[in-house]
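First comes the structure, then the notes that go with it.
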Amino acid sequence: MSPEVVTSRPKAQIFPVQNKYINPGFRPHSSLSLLSASSTKSTDAKAKSSFRPPPPPPPPPPPILLSATARPMALWTLICEVLWWWNLLVPRAGKVVDACFGVLSWVNSLSCLLDVQADLRKLRHTVDRIHDLLQDAEETRFIEESHVRLWLSGLKDIAFDAEDLLDEIQTRVNVSKLQDSRKRKRPWHFFSVSPVLRRWLISREIAKIWEKYRAITEHRDYLPRREGEYRRKAQVREERLPPEAGSLQGEPLIVGIDNKKRELVQLLISGGGDGVAVVSVLGAGGIGKTTLARLAFGDQAVVNLFPLKFWIGLSQGFDVKKTTKEIIEVMTAERCDASNLELLQRRLQQLVSGRKFLLVLDGVWNEEQYYWEMLRAPLMAGGNGSRILVTTRSELVSKNMRTLPPIHLNGLEEEHCWSLFRDLAFKRGAWDRHQNLVEIGREIVEKCQGLPLAVQSIGGLLYNKTDEEEWRSVLSDLPDPEPDDDAYRMLPTLKVSYDHLPLHLKQCFAFCSIFPNGYEFDRDELVKLWIAVGLVKPRGMRPLENIGGKYFDYLLWRSFFHISSSSNQQSKRKYKMPGLIYELAQSFSEHQCLRFENNAVHGESENSRYVVSSLQNMDPIAFQKIYENQGLRSFILLPENGVPMKQVPNHLFRNLKHLRALDLRQNELVALPDAIGNLIHLRFLNLYGTQIERLPESVSNLYNLQVLELGECNKLLELPKGTSNLVNLRHLGLHLNWDKHRNRWIDLISMPPGIGQLTSLRTLSRFSVSGESGCGLGQLKDLDLRGELCISKLENVVNVNDAADANLRNKKYIDFLMLRWSESTYSNSLAESGEQVIKNLHPHTNIRTLWIDNYNGTSFPDWLQDQSFSNLDTLRLSNCRRCGVLPLVGKLPQLRNLYLEGLPEVQYMGCVVPDNGNTMGFPLLEMLFIANMRSLESWYEVIQGEMACLKKLVISYCPKIKELSHLPRSLEYFEMRNCQKLLSLPVLPLLQELVIKGGTGEIIRWIHQLTSLSSLTVSQLSRVKSLPRGYLHNLKVLRELKIEGCDKLKSVALQDLASLELLEISSCQKLSSFGDGGLPATLKEFRLRFCDNLKSLPTRMHLLPSLNHMEICNVPMLTSLPTEGLPYSLKYLAISGCALLQRCCERNGADWPKIQHIPLRDICDSSSS
């Protein structure tokens, strides 16, 4: 019997007519077609410098021959084909078609699935076989040969194409199921494609991939294998971290460099009067230069000596402007937007002028002396004894920087290496039970040539492995020691550590090379990127974030990452790849990763899958290279100050339809094109810190999206209405933003309806309550959230039972919770409703931070003082204007930080329930902040033993408080602002820093008893006329004194301050005298600003041996410098706004000889200031 012929219609789309879409407005585009696989390149596009639209549809497919066995299924298909055309051609046939379709759609769906099921099984089998081949290839030692690597690159391209096709098919099926489950109306329009054509297109793409696979596997003999090669168990088992890794992860294990550390510390702290000196640590990559610098940086003697310490990690592409800007940002903890090098240098010079600092430049590569001199120039204004510590591999760098004699690192002694290796490779104390392995281990250590990074990497590889054959395999893989001192001699050793990684970890490791050298990784963000591009493989029911986190932790344990030196306890921990490790990653990713950096292209642009660039490097040529990579999976655009980007080219998204990760963070982006909805593979979209005003509704079509980061998008007020379609979304970053210019919170108008349907969500940092349907608190009920959650606009709760429906009590993974009402929502009815709402918002007892803001009730809920909150360490109650009594939180066992502000009705600080004395109040409280409590009169009566850990106390704008006689003696920092009736202080023997702002100044008389005080700031004291010797004479360790805005102050006597190093006096209009004693000889910095009545500087200034920085600004009555002149120790002098003085300081003026010896002079004409 001859086969029947069915002619399919020529349409270059693959959208099934029976599928339902994410929303009725979903419009399929040609860019979603399967016709252009990622490996197919358009030669026409390469020849043009400008972008062009996607290629036209292909010619009609040939007739499809159906066998007799396929006729029943074809019959149903033909019926559906008729319905499809009828709907298009007959305007009013829609209702009839829908009725018929309701009966036949399930038959047609079955037809589609059965028709391509065999092909899909073949495709999945192909993907599995490719992964097996890649794993086999990775286990050989011949992949560094160029023809083998090229063969592997082609094999990986086929795997990418196959995965993309499977992903697209699966997406179509899942979207159809989603629409069926939500009973959405099917979108009938011209761009729908007939089922036969869709099936034919899928089959054709599967056949193309299969043919490519068969062709390339014919050359598998490129992979020679050794007889009896040991197949490592690591490839098939889950790597396990040692139990002790938790506390040591990323921290270098220190052995054998104590002497070098003492030598380096001595160079840093000695020679205090020799200006700014440069110290260098010189050695090969992986030798421990950064570790040694970190040890010295944290040494207590160094910490005590340098008030300013900052660490800058450099990359190979040394850039003076970028580095200068980074130093400024680290010093000021603020973003620097200046882009002019001259302005940046001037700013840096002002910051360091006369101030003793320690700057670490870690990893200096650039050997050009010109660049170093430009960076060095403003730093030379620093105070005597300042140090610049440089780590480098290059002897020439050390010479060009004119450093002190460098410290050479030549590797660890063998016994130190063995000690380090033993601690990593064996369980604690277990090495003596495996003497057979000890002998092999010592041979391994010998081959590591004293390089700590190699020892750590190989030691971590062999942890808890007792198979002698495996140890011998590692030993045989290690290269023999070489006598030369090549900085790269360790790369072959590190490659052995890489070779023994499982395939999935190799891929994750290589992916990291798309970022610039020295990039600081955020662990959670990197794991999300790995998941997005498909590098994290599912294991049972475990969350992918947990699996990816284990990947990272294992790489960290194996020394492929280390903790960044810029990380501290206050900020989230960051990680870096050691320099040689980064170079190793680059060597294995050149065919897949493309990086635009320092006006150069790194990697292969033809078939790259992952791209990173900064805006500075995104010229038209770079965009063209990216545009041509149709198979691109990730595009990360790093932020660049001063380089704005308002929008993304629309055609970019039309061509890059296989993107899975798109990162556009911290750019001035104001809008996204609608074409972003075409990126059906997209899993990760980062718009953090952009100026985006709205997201296009087409974002709702991104069915596979898992991460949507919108934190700090200050202009974003709403999300797309169809956000509930993003059923795979796991992380929605919506951090509540504070508008510092308008002094208010920036909030969403409301949440999109149906957010509760996103049951995969794990992160939802903000939820704005609305009275509209589908936008209430009940949407939180079934969401298994973790991390941070801010619930705002709680005054919009319509039914108080909705608060109970939010089910916060069972959300045990939320550790930060903010409950917020909007301002000006106070009425009796709202107060009663608010009390019921907050009562029903009882959080889980695992909560760590709780913030209640603008609460409109009159009393706090009972659950707030429940001692079962055993993890609560931070509590903040703000702007609760109707509450007159504080909750009894003094018994919360872990409370460390307590903020009370904007509570105008509270009169008494009673926070502890009296008991039999078995438990003291606030047992662990370290910081207490009290502000804007206008009715507060009396302080909490601290009994002995309570608040025993309190170190920091701030009391601000509490005008009625009269006395603080019961403060804990543990205080180290005390700040009081505008507490007019507070007239005395108790004895605080450990107090180091005191700030007094506002009030009459009577409290100054009590300062003399604070003998441990090292820093004192007094400001806006209305009645203080003088600071006589009796007030300050006991402050023998005071190092900093700042006096601001004391309008009636006429004289100060400071000669008894034997340790004073910084003196700053500003806005004291009547100041006229420094007394007869002059200034202390220890003074290093002197700043004088806006003192209208001062006519002369202190006497005997020329005798101040340590003074190196002096600023005089807007002191109009000052006519001359002291007769004796200024000290020769002075390195920086700035004068502005002093017209008469400036005339004296001109080159031909009388005072020129007094200042001509000063290296840096900044003399500004008052007319131009």
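The sequence shown begins at 1 in our numbering and counts up by one.
For glycine and all other residues, C-beta sits at the position ideal for the given N, C-alpha and C.
Straight-line gap, residue i to residue j (C-alpha atoms, nearest Å)
i	j	result
E413	V281	18 Å
S1106	L1130	8 Å
W530	C508	7 Å
P481	K576	28 Å
S587	K212	26 Å
T1213	N1114	The requested residue 1213 is not part of the displayed model; the chain covers only 1 to 1169.
Q456	H1157	53 Å
R730	R129	31 Å
S1073	L1049	10 Å
G902	N932	5 Å
S38	H681	Any reading at S38 is ruled out, since the residue's pLDDT is 33, under 50, leaving its predicted position unreliable.
K156	T849	47 Å
N728	L656	21 Å
G450	I440	16 Å
R1029	P1098	16 Å
S878	I852	6 Å
R1005	R1089	25 Å
P1122	I1043	22 Å
Range of the contiguous alpha helix (DSSP H) that encloses residue i
i	result
D319	No alpha helix (DSSP H) contains D319, which DSSP labels as neither H nor E.
A1172	Because the chain in this structure spans residues 1 to 1169, residue 1172 falls outside the shown range and cannot be described.
N686	N686 -> not in any alpha helix (DSSP H); beta strand (DSSP E) instead, spanning 684-686.
L1173	Outside the shown range of the chain, which is 1 to 1169, sits residue 1173, and nothing can be said about it.
G154	146-181
D258	258-269
V527	523-532
N655	650-655
T290	289-297
T493	491-499
Buried versus exposed, by CB contacts within 10 Å (16 or more), residue i
i	result
P406	buried
M541	exposed
T391	buried
V1215	Nothing about residue 1215 can be read from this structure; the chain reaches only from 1 to 1169.
P516	buried
K811	buried
K1154	buried
Q592	buried
W1152	exposed
I749	exposed
Y498	buried
K528	buried
G945	exposed
A806	buried
Presumed contact (8 Å Cβ cut-off) between residue i and residue j, rounded CB distance
i	j	result
L994	L967	At roughly 12 Å, the Cβ-Cβ gap does not stay under 8 Å, so L994 and L967 are not in contact.
V1173	G1001	Nothing can be reported for residue 1173: it is not among the residues displayed for the chain, which extend from 1 to 1169.
A803	N840	4 Å
Y551	V536	7 Å
R633	A675	Not quite, the Cβ-Cβ distance comes to about 18 Å (not below 8 Å), so this is no contact.
D1092	P1116	6 Å
Residue i Cβ short of 8 Å to the ligand MN heavy atom set
i	result
L729	Questions concerning the ligand MN fall outside what the structure shown contains, since it holds no ligand whatsoever.
Short CB-CB distance (under 9 Å) between residue i and chain D
i	result
I563	Among the chains of the structure shown, chain D does not appear; only one protein chain is present.
Boundaries of the beta strand (DSSP E) in which residue i is found, first to last residue
i	result
M933	Premise fails: M933 is in no beta strand (DSSP E) and is neither H nor E.
E709	707-709
W851	849-853
Y610	610-614
Exercise. Going along the chain, which unbroken runs of the beta strand (DSSP E) with 3 or more residues stay wholly within the segment 786-828?
Worked result: Whole beta strand (DSSP E) segments, 3+ residues: 786-792, 813-820.
Exercise. Fully enclosed by the segment 431-484, which beta strand (DSSP E) runs are 3 residues long or longer?
Worked result: Listed in chain order, there is nothing to give.
Exercise. In chain order, which beta strand (DSSP E) runs of at least 3 residues are fully inside the segment 966-1002?
Worked result: Counting only runs of 3 or more, we get 973-977, 993-997.
For this session: Please list the segments of the alpha helix (DSSP H) lying wholly inside the segment 558-594, counting only runs of 4 or more residues, in order along the chain.
Result: 579-587, all fully within the segment 558-594.
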